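Be aware that the sequence shown starts at 1, since it is given in full-length UniProt numbering, and climbs by one per residue. Cβ coordinates follow ideal geometry from the N, Cα and C atoms, glycine included. This one's a predicted model, so the numbers in the text were calculated from it and none came from an experiment.
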Amino acid sequence: MMKQFSFFQPAMLPIEGAGYLQGGYSVTINIEEKNIDTGKNIYLSAVG
1 MMKQFSFFQP AMLPIEGAGY LQGGYSVTIN IEEKNIDTGK NIYLSAVG
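Quick look at the structure:
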């Protein structure tokens with residue numbers, strides 16, 4: 001089984017003399033679960 005979650009957060013950064021810069025950041029998390037003979041393996045990765 002594989003699941004993926006994505007999050008996005010808008011952001012504003014005040015820069016003196018230039019006003020506000022608009023943008024944001026995002027995070028993606030991948031989770032994979034595999035059944036094996038001795039139990040389960042879980043693989044986790046994240047990118048931001």
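> Would DSSP call GLU16 helix, strand or coil?
Replying inline: As a position in the sequence shown, residue 16 is number 16, starting the count at 1. When DSSP states are grouped into helix, strand and coil, GLU16 belongs to the coil group.
> Bridge partners of MET2, per DSSP?
Replying inline: Position 2 of the sequence shown, counted from the first residue, corresponds to residue 2. For MET2, the beta-bridge partners assigned by DSSP are GLU32.
> Would you report the Cα separation of TYR25 and MET2, rounded to the nearest angstrom?
Replying inline: As a position in the sequence shown, residue 25 is number 25, starting the count at 1. As a position in the sequence shown, residue 2 is number 2, starting the count at 1. Spanning the two alpha carbons is a distance of roughly 24 Å.
>> For GLY48, list the residues DSSP reports as bridge partners.
In response: As a first step, residue 48 is located in the sequence shown; it is residue number 48 there, counting from the start. The bridge partners DSSP lists for GLY48 come to none.
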